[in-house]
Amino acid sequence: MHHGGGGGGAIRVLNVAEKPSVAKSVAEILSRPSGGMRSREGRSRYNRVFEFDYSIGGRACHMLVTSVTGHLMELEFDDRFRRWHSCDPADLFHAPVRKSVPQDKQDIKRTLEEEARKCQWLLLWLDCDREGENIAYEVIDICAGANSRLNIWRARFSALIDREIHEAVQHLDRPNKLFADAVDARQEIDLRIGASFTRFQTMLLKDAFVLDDTGDDRNIILSYGPCQFPTLGFIVERFWEIQAHEPEEFWTINCSHTSDEGTASFGWIRGHLFDYSSAVVIYEMCVEEPMATVQNVRNQEKLKYPPYPLSTIELQKRASRYFRMSSEHTMKVAEELYQAGFISYPRTETDNFSPNTDLHSIVHEQVAHPNWGTYAQRLLDPEARLWRNPSNGGHDDKAHPPIHPTKFSAGETNWTDNHKKLYELVVRHFLACCSQPAVGAETTVEIDIAGEQFNASGRVVLAKNYLDVYRFDSWGGTLLPTYIIGQQFVPTTLTLDSGMTRPPPLLAEADLLGCMDKAGIGTDATMHDHIKKLLDRCYATKDANTRFSPTNLGEALVMGYDEMGYELWKPYLRSMMEADMKSVSIGTKSKSEVLENCLQQMKACFLDARANKVKLFDAMGTFFARSSRPVNETQNSIETVRPCAACNESEMFLKQRPTGEFMVGCRGFPQCRNVVWLPRSLSGAAVTDQVCPTCAPGPVYKIQFKFRRRDIPPNFDVDHLGCIGGCDDILKELMELSRFGSHSQTATPARNQSQTASGVRQGSSRQDLHTSFHPAVQFTNGQTPVVNPQGFRSTHTQSSGNASGQVQCTSCREPCVLRTANTEANRGRKFYKCQNLACGFFAWEDDVENSAPRGRGVRGRGGRSSTRQSSASAGRRGGTQGRGRRGRGRNADGMMFVAATGEPVHGSCFICGDPTHFANNSAPRGRGGRGRRGRSSSRQSSESASAGRRGGTQGRGRRGRGRNADGMMFVAATGEPVYGSCFICGDPTHFANVCPNLGR
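Here the sequence shown is numbered in full-length UniProt numbering, starting from 1 and rising by one per residue.
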């Protein structure tokens, strides 16, 4: 046999398989007619080269067979974008990418180049799916680069058996570029989305929290994947369903009758009732007239059909259900069985056999098996009439047949128990597909008791058929006594039984695979990888029953994105992407079109997610304690302003709240509550790399401020580079002006509330569990702002109690439920939460207990309760805060606060300017028409009042107010309207102190 250069006019053919084991199997099968093959090493010692002579279409060929090891190339960003801190993660959506051979596969590349230069044909033996087609084009790029004159062919096969391989090599095809383009599009989309969101999540959260779920949280990567996160979403959503379930008691009536032929149990046709009284009334009617009358007896034949031919998803689901094998391990074992030639290609979506498939010969190979050989023999016997052509499941990927046995084995010596189980499942499943359905006789008896209907069913299996070989299915039943229509009897038992509703179970792996398949998440070849990544990333856990639960980390991430309103954890986006990939593979959409549309959509989601990153922080804070580590490695350093001088452990960073306000707060919150509130007149702020040379402790980075022109005096610039360390006089002056608000400042909505188009305030779906504080800040030159501890005010809605002391939601007016926090910082601390899931009300129990009125209190005339005042929502700061004299007090520094909440009241007396009181308590009451009689009109023409007094001094007390022609109240000194109404009668034209109903 000639092994040289293929002389005598023989065509030199370079054959490339996807794995070394496949290359060896193909070479062994094709070389048998010529007497064997010769093997030599290539550049890579793991990828040998096999040589032999063969004839293709009557033409003599000298075959060289070698292999790659999966994908030969990797898609990656250019070097300048590969480091995590090299760019803004948003830039990764359009950063240049390249596909190249990694260093560890350079030897394989050199082998292909060297062999390609000496050959005329390139014959590709890659797996016949999209992924295999993409690898084929990677091989083409390398080989065609070394020899542009190559004639390129594709072999299509589904099993490593002689018949399939010889058939494939004699009917060669061309590679499918559309399949390869679809994979290229998916790879680029996954790379860009995954890298941008992964960097964003990791840099934002890794060092900010103690991630105890992950072990070594210093090296953790909080990865995001377009398939991985929707898969996690299925697990979290089921977990939330279970958590939200509230057991409810129900009642049902059960009846049984025992005769000589046995016992029949009858079920109530209503099922069950949740109203106990109704159930008792019906039950007593049945007890008073217990005679049962048979109204109907139905006898009918029932068929239990065998399963459809086996696809990859069904193989994984059934292996999980029958053997509790993970989907990842199932695919590993199946791949090994395929490479050894015992089963067909295990990655297929097809669940129907081609009419050309010789099914009888496949069955005939199993006749000698000791366990199912007898059944296979019966199946082939025409007299047994057991044969039935397999049903059509309706799916065909046009690449591979359903999974079926390709070679007989009674068990190999190197097989594990899982190899034996999986091979048995494939064989029994195939034999069952070719069998008649099981036949049974089903009897249904309907009876009437006092007008109530009951029924009982029984079944007898007449012919097991496929159930004889498919031991994984069962079809049992009970035999009913004989009944005839009109027969009457008294029930042996008639009981009213109670039960409780139960939540759905956690998702098992088979259920999760079904959800992914139904939603189009991943492919049959990748679903098990997505599940494995969830476990590897500590986003979910799997118990001994293969049921999944989210970890705190997984739940927090899903909760954070859910808070944003974006359903990034839902399957819809990925499902649309998968549909686009399919469109590329069949040529209805171009690769560039799909890339542009998908990336544009996901970049918009990314930018919005980053703008709402506070939601991720709040969600993580629900489950994890804040870390005291300095955030300098993974957190974007441009947000850091200065070290925190209050705790000396963390850094202070610039942050924008959802309400639009800017602040500089400590990362150690809630352990450290040091915060500087920046002027409300800001429209933007960004930390620069310029360090203040004056302020200490440093470094203190300057901030580029941008103010709204309408909100600052005309002598100030809208752009200002300032320092919060205390040295910036301009910033201090603007902050002082901001204490009185701005002329155009509107009422700030409460946290987690938004205004709809109709102006109706709506709560978000979930309220974060951390409480932010607004301390009164005073600047001292060169020092950290001094925080007045009495100036703290909660941004959350405080609970209001009813007369009995039970806490009510201030939005829904419904009683709240008392729950216990589980974070490390607040573990064991109790809080109130609204029962309405759409409401965001939240309050700590000890805050409610400590919210007793201070100062003058809030009790009005006639002993009216103060609970109305304790519901001060953050949204009222701008419009109604502290109206009237009632409900105010002073702390030790003379600072006024709202008695019910402890929130500071900003503003000052418009007579003397003293910030420790308002005009109604000003000392010179008799001057300038200050008394109740003979008021001077000069004050009404004053133009010095700032618009910002809406939040602090607007309309306090009866003094200083007037009415316009419509009866609308306004502040006499400024002409600004006073918003609100009388809390006695609800009239918006006056307050309670002048209400005609006062004292009634």
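All residues carry an ideal CB built from backbone N, CA and C; glycine is no exception.
Taking one C-beta from the region 378-392 and one from the region 328-335 each time, how about it: are there three or more such pairs within less than 8 Å?
-> Taking a contact to require three or more Cβ pairs closer than 8 Å, the region 378-392 and the region 328-335 do not qualify as touching.
Please report how far the alpha carbon of Cys727 lies from the alpha carbon of Glu661, in whole angstroms.
-> Cα to Cα, the separation comes out at about 22 Å.
Determine the direct distance from the alpha carbon of Cys995 to that of Gly863, and round the result to whole angstroms.
-> In this predicted model, Gly863 has a pLDDT of only 39, less than 50, meaning its place in the structure is not dependable enough to derive any value.
In whole angstroms, what separates the C-alpha of Ser391 from that of Leu568?
-> 38 Å
From what residue to what residue does the beta strand (DSSP E) around Tyr470 run?
-> Counting along the chain, Tyr470 falls outside any beta strand (DSSP E), and DSSP gives it neither H nor E.
If you draw a straight line from the C-alpha of Met663 to the C-alpha of Ala686, how long is it?
-> 11 Å
Going by DSSP, name the residue or residues bridged to Cys255.
-> Phe266 and Leu494
From Thr546 to Pro503, what does the alpha carbon distance come to, in whole angstroms?
-> 18 Å
Residue from Ser196, Tyr283 and Pro437 whose Cα sits closest to the Cα of Leu607 = Ser196
With a CB to CB cut of under 6 Å and the five nearest residues on each side skipped, what residues in its chain are close to Ser575?
-> Around Ser575, the same chain offers Ala519 and Gly520 as residues with beta carbons nearer than 6 Å, after the five sequence neighbours per side are excluded.
Which residues in the same chain have their Cβ closer than 6 Å to the Cβ of Arg471, if we skip the five residues on either side of it in sequence?
-> none
Enumerate, from N- to C-terminal direction, the unbroken beta strand (DSSP E) stretches of 3 or more residues contained entirely within the region 518-568.
-> 540-542 and 548-550
In DSSP terms, what Gln488 is bridged to | Thr293
Assuming Phe353 and Pro402 form a contact by the criterion Cβ under 8 Å, report the distance between their Cβ atoms to the nearest whole angstrom.
-> 6 Å
Tell me whether Asn826 is buried or exposed, calling it buried when 16 or more other Cβ atoms sit within 10 Å of its Cβ.
-> buried
Of all the options Thr820, Arg48 and Cys61, which has the alpha carbon lying nearest to the alpha carbon of residue 1006?
-> Outside the modelled stretch of the chain, which goes from 1 to 1000, sits residue 1006, for which no answer is possible.
Give a yes or no on whether the C-beta atoms belonging to Leu112 and Thr66 are separated by under 9 Å.
-> yes
Got a sec: is the Cβ-Cβ distance from Ala685 to anything in chain C below 9 Å?
-> Judged by its chain identifiers, the structure shown contains no chain C, having just a single protein chain.
Can you list, in chain order, the residues of its chain whose CB lies under 8 Å from that of residue 1046, leaving out five sequence neighbours each side?
-> Given a span of 1 to 1000 for the chain in the structure shown, any question on residue 1046 remains unanswerable.
Short Cβ contact (9 Å threshold) for Ile703 with Leu737 | No, they are not a contact pair.
Closest by C-alpha distance to Thr202, when choosing among Ser25, Ala510 and Leu553 | Leu553
Measure the C-alpha to C-alpha separation of Ile586 and Phe179 and round it to an integer number of angstroms.
-> 8 Å
Which value, in whole angstroms, describes the spacing of the CA atoms of Gly955 and Ala843?
-> Bear in mind that a pLDDT of 38 at Gly955, under 50, signals an unreliable position, so the number given afterwards is only what the model happens to contain. Answer to the nearest angstrom: the Cα atoms are 29 Å apart.
Would a C-beta distance cut-off of 9 Å place Tyr338 and Ala159 closer than the cut-off?
-> yes
Pull up the distance between the alpha-carbon of Ala821 and that of Arg829, whole angstroms please.
-> Between the alpha carbons of Ala821 and Arg829 lies a gap of roughly 6 Å.
Taking buried to mean at least 16 other C-beta atoms within 10 Å of its own C-beta, is residue 1005 buried or exposed?
-> Nothing about residue 1005 can be read from this structure; the chain reaches only from 1 to 1000.
Have a look at Leu506, Cys695, Asn15 and Leu557 and flag the residue whose alpha-carbon is nearest the alpha-carbon of Gln228.
-> Leu557
Who does Arg40 pair with in a DSSP beta bridge?
-> Val49
Could you tell me which residues DSSP puts in a beta bridge with Gln453?
-> Beta-bridge analysis with DSSP links Gln453 to Asp448.
Burial state of Val13 (16 or more Cβ within 10 Å) = buried
Grab me the residues of Met559's own chain with a C-beta within less than 6 Å of its C-beta, minus the 5 sequence neighbours each way, in chain order.
-> Ala619
Limits of the unbroken beta strand (DSSP E) element including Trp240 | Element bounds for Trp240: not the beta strand (DSSP E) but the alpha helix (DSSP H), Gln228 to Ala244.
Where Ile282 falls, given that 16 or more other Cβ within 10 Å makes a residue buried | buried
Pair within 9 Å by beta-carbon distance, Ser326 and Ser320 = yes
Assuming Ser583 and Lys589 make a contact with CB atoms under 8 Å, what is their CB distance in whole Å?
-> 4 Å
Simplified DSSP assignment, three categories, for Arg117 | helix
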